[in-house]
Amino acid sequence: MLEIHKNIVLDENQQPIAVLIPIAEFEKIEEIIEDYGLAKLMEESENKERLSKPEALKYYQSLKQHHVES
Numbered sequence: 001m002l003e004i005h006k007n008i009v010l011d012e013n014q015q016p017i018a019v020l021i022p023i024a025e026f027e028k029i030e031e032i033i034e035d036y037g038l039a040k041l042m043e044e045s046e047n048k049e050r051l052s053k054p055e056a057l058k059y060y061q062s063l064k065q066h067h068v069e070s
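In the numbering used here, the protein residues as written are 1 to 70.
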C-alpha cells in the first residue's frame, strides 16, 4: 500500500481545510488513478473494436501527452 505523508492545513478556527502531500506521492497517486481508469476503459470496451498492441501503445502515449499539455 502506498504510504502518504500528509500535512493538514487548518483555518483560524483550527478546522482542517486542506491537505499537503509531497509532489512525488501526488504523481504516484495520479499514475495509479490513470492506470485504474485505463483498465476500466479496457474492460468496458472488451466487446468493441480492439487495437493492436502498437496501436494501443500509440494511443495511450497520445493520452499521456495530452494530459501533460493541459
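Positions of the beta carbon are idealized from the N, C-alpha and C atoms, including for glycine.
At the C-beta level, residue 21 and residue 33 stay beyond 8 Å of one another.
Per DSSP, residue 13 has no beta bridge partner at all. Distance from the Cα of residue 7 is smallest, within the candidate group 13, 18, 1 and 36, for 18. Residue 44: member of the alpha helix (DSSP H) spanning 23–44, first to last residue.
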